[in-house]
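Residue numbers (my numbering), protein chains in the order written: chain Y, 1 to 110; chain C, 111 to 218.
Please read the structure below before turning to the comments.
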Amino acid sequence: NAGVTQTPKFRILKIGQSMTLQCTQDMNHNYMYWYRQDPGMGLKLIYYSVGAGITDKGEVPNGYNVSRSTTEDFPLRLELAAPSQTSVYFCASSYVTEQYFGPGTRLTVT
Amino acid sequence: AQRVTQPEKLLSVFKGAPVELKCNYSYSGSPELFWYVQYSRQRLQLLLRHISRESIKGFTADLNKGETSFHLKKPFAQEEDSAMYYCALQRGNYQLIWGAGTKLIIKP
Numbered sequence: 001n002a003g004v005t006q007t008p009k010f011r012i013l014k015i016g017q018s019m020t021l022q023c024t025q026d027m028n029h030n031y032m033y034w035y036r037q038d039p040g041m042g043l044k045l046i047y048y049s050v051g052a053g054i055t056d057k058g059e060v061p062n063g064y065n066v067s068r069s070t071t072e073d074f075p076l077r078l079e080l081a082a083p084s085q086t087s088v089y090f091c092a093s094s095y096v097t098e099q100y101f102g103p104g105t106r107l108t109v110t
Numbered sequence: 111a112q113r114v115t116q117p118e119k120l121l122s123v124f125k126g127a128p129v130e131l132k133c134n135y136s137y138s139g140s141p142e143l144f145w146y147v148q149y150s151r152q153r154l155q156l157l158l159r160h161i162s163r164e165s166i167k168g169f170t171a172d173l174n175k176g177e178t179s180f181h182l183k184k185p186f187a188q189e190e191d192s193a194m195y196y197c198a199l200q201r202g203n204y205q206l207i208w209g210a211g212t213k214l215i216i217k218p
């Protein structure tokens with residue numbers, strides 16, 4: 001089992017560019033989550049999903065979009081990158097309470 | 111407001127000394143609390159949850175509703191305990207609210 005995988009590991013974007021952060025899990029978990037972590041701060045929930053076809057906003061959804069067409073995949077889309085989106089992004093999945101995390105994507109927007 | 115506070119960004123103790131990482135929360139309902147840990151070059155992972163009342167790697171945490179705290183304790187620190195520790199509070203749909211984390215350094 002690979003668990004939760006995220007690609008890419010690192011990315012530098014110019015302001016206004018768009019990109020998709022990929023997240024895949026092979027544990028057949030219904031729940032999936034996207035977080036961002038800014039330096040010295042805790043994780044903030046961007047979006048989450050309770051199952052294929054169902055997504056909902058978290059604390060900080062502005063500037064992001066998600067989709068969940070399959071149980072395994074939960075991509076995060078940034079449409080118009082802004083410097084405020086410079087952060088480390090974590091994807092996680094869970095069956096119920098325990099969340100399993102991916103390795104993270106370090107994104108810089110300049 | 112729902113909030114988790116970890117007042118110490120950094121905690122440094124000697125090997126063999128007791129460790130206490132503080133976590134305070136603000137939540138109107140009945141809280142479910144967790145400690146997650148991230149060792150160097152590893153992924154964030156669950157350490158323990160209050161509801162299971164277990165001891166993992168020698169760590170325990172007791173929920174104190176009166177003081178709204180969920181401090182993580184270990185009587186004798188080991189060098190391998192050095193890591194980032196995050197306290198988290200669960201709300202609906204298994205969403206977690208996270209503290210900012212405490213970096214624990216165990217000195218030899």
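Glycine is no exception: its CB is placed at the ideal position from the N, C-alpha and C atoms.
Given the structure is predicted, the values throughout are model-derived calculations rather than measurements.
Spatial distance of residue 158 of chain C from residue 166 of chain C (CA atoms) | Within the second sequence, numbered from 1, the residue matching residue 158 of chain C stands at position 48. Within the second sequence, numbered from 1, the residue matching residue 166 of chain C stands at position 56. Between residue 158 of chain C and residue 166 of chain C, the C-alpha separation is close to 7 Å.
Name, please, each residue of chain C whose Cβ falls closer than 8 Å to the Cβ of residue 63 of chain Y.
-> Within the first sequence, numbered from 1, the residue matching residue 63 of chain Y stands at position 63. Result: empty, since nearest Cβ-Cβ is about 19 Å, beyond 8 Å.
Could you tell me if residue 188 of chain C is buried or exposed, where buried requires 16 or more neighbouring beta carbons within 10 angstroms of its beta carbon?
-> Residue 188 of chain C sits at position 78 when you count from the first residue of the second sequence. Result: exposed.
Just checking my contact of residue 119 of chain C with residue 183 of chain C at CB under 8 Å: how many whole Å lie between their CB atoms?
-> Against the second sequence, residue 119 of chain C aligns to sequence position 9. Against the second sequence, residue 183 of chain C aligns to sequence position 73. Not really, about 19 Å apart at Cβ, beyond 8 Å.
With distances taken between CB atoms, is the gap from residue 13 of chain Y to residue 109 of chain Y smaller than 8 Å?
-> One-based indexing of the first sequence puts residue 13 of chain Y at position 13. One-based indexing of the first sequence puts residue 109 of chain Y at position 109. For residue 13 of chain Y and residue 109 of chain Y, yes; Cβs fall inside 8 Å.
Chain Y contact for residue 163 of chain C (CB, 8 Å cutoff) = Position 53 of the second sequence holds residue 163 of chain C. Output row for residue 163 of chain C: interface = no.
Pick out the complete beta strand (DSSP E) segments inside the stretch 49–88 of chain Y, 3 residues or longer, and give them in chain order.
-> 54–57, 64–66 and 76–78
Does the stretch 26–37 of chain Y come within contact of the stretch 45–59 of chain Y, defined as at least 3 CB pairs closer than 8 Å?
-> yes
Using a Cβ cut-off of 8 Å, pull out every chain C residue sitting near residue 10 of chain Y, in sequence order please.
-> For the purposes of this step, residue 10 of chain Y is taken as the residue at position 10 of the first sequence. Here the premise fails: no neighbours, minimum Cβ distance about 15 Å.
What do you get for residue 176 of chain C, buried or exposed, if any count of 16 or more other CB atoms within 10 angstroms of its CB means buried?
-> Here the question's residue 176 of chain C lines up with position 66 in the second sequence. The residue in question, residue 176 of chain C, is exposed, as its Cβ has fewer than 16 Cβ neighbours within 10 Å.
Going by the CB atoms, is the gap between residue 156 of chain C and residue 146 of chain C shorter than 8 Å?
-> Locating residue 146 of chain C in the second sequence gives position 36, counting from the first residue. Locating residue 156 of chain C in the second sequence gives position 46, counting from the first residue. Yes; because the gap between Cβ atoms is below 8 Å, this pair is in contact.
If you compare alpha carbons, which of Y:29, Y:106 and Y:81 is closest to residue 70 of chain Y?
-> Mapped onto the first sequence, residue 70 of chain Y falls at position 70. Considering only alpha carbons, the answer is Y:29.
If we count the other Cβ atoms within 10 Å of its Cβ and call it buried at 16 or more, is residue 96 of chain Y buried or exposed?
-> Taking the first residue of the first sequence as position 1, residue 96 of chain Y is located at position 96. When all chains shown are included, residue 96 of chain Y counts as exposed.
When DSSP labels each residue in this structure, what does residue 26 of chain Y get in the three-state scheme?
-> Against the first sequence, residue 26 of chain Y aligns to sequence position 26. Residue state, collapsed to three classes: coil.
Alpha carbon to alpha carbon, how far is residue 197 of chain C from residue 7 of chain Y? Give it in angstroms, no decimals.
-> In the first sequence, residue 7 of chain Y corresponds to position 7, counting from 1. In the second sequence, residue 197 of chain C corresponds to position 87, counting from 1. If I take the Cα positions, the gap works out to 27 Å.
Indicate whether at least one CB of chain Y lies closer than 8 Å to the CB of residue 203 of chain C.
-> What you label residue 203 of chain C is simply residue 93 of the second sequence in a count that begins at 1. Yes - at least one Cβ of chain Y is within 8 Å of the one on residue 203 of chain C.
Could you spell out where the beta strand (DSSP E) holding residue 169 of chain C opens and where it closes?
-> One-based indexing of the second sequence puts residue 169 of chain C at position 59. Element bounds for residue 169 of chain C: n/a, residue is neither H nor E.
Whose C-alpha, out of C:215, C:195 and C:130, is nearest the C-alpha of residue 172 of chain C?
-> Mapped onto the second sequence, residue 172 of chain C falls at position 62. Cα-wise, what sits closest to residue 172 of chain C is C:130.
Can you check DSSP and say which residues form a bridge with residue 199 of chain C?
-> Numbered from its first residue, the second sequence carries residue 199 of chain C at position 89. Paired residues: C:143 and C:207.
Span separating the alpha-carbon of residue 117 of chain C from that of residue 124 of chain C | As a position in the second sequence, residue 117 of chain C is number 7, starting the count at 1. As a position in the second sequence, residue 124 of chain C is number 14, starting the count at 1. Between residue 117 of chain C and residue 124 of chain C, the C-alpha separation is close to 20 Å.
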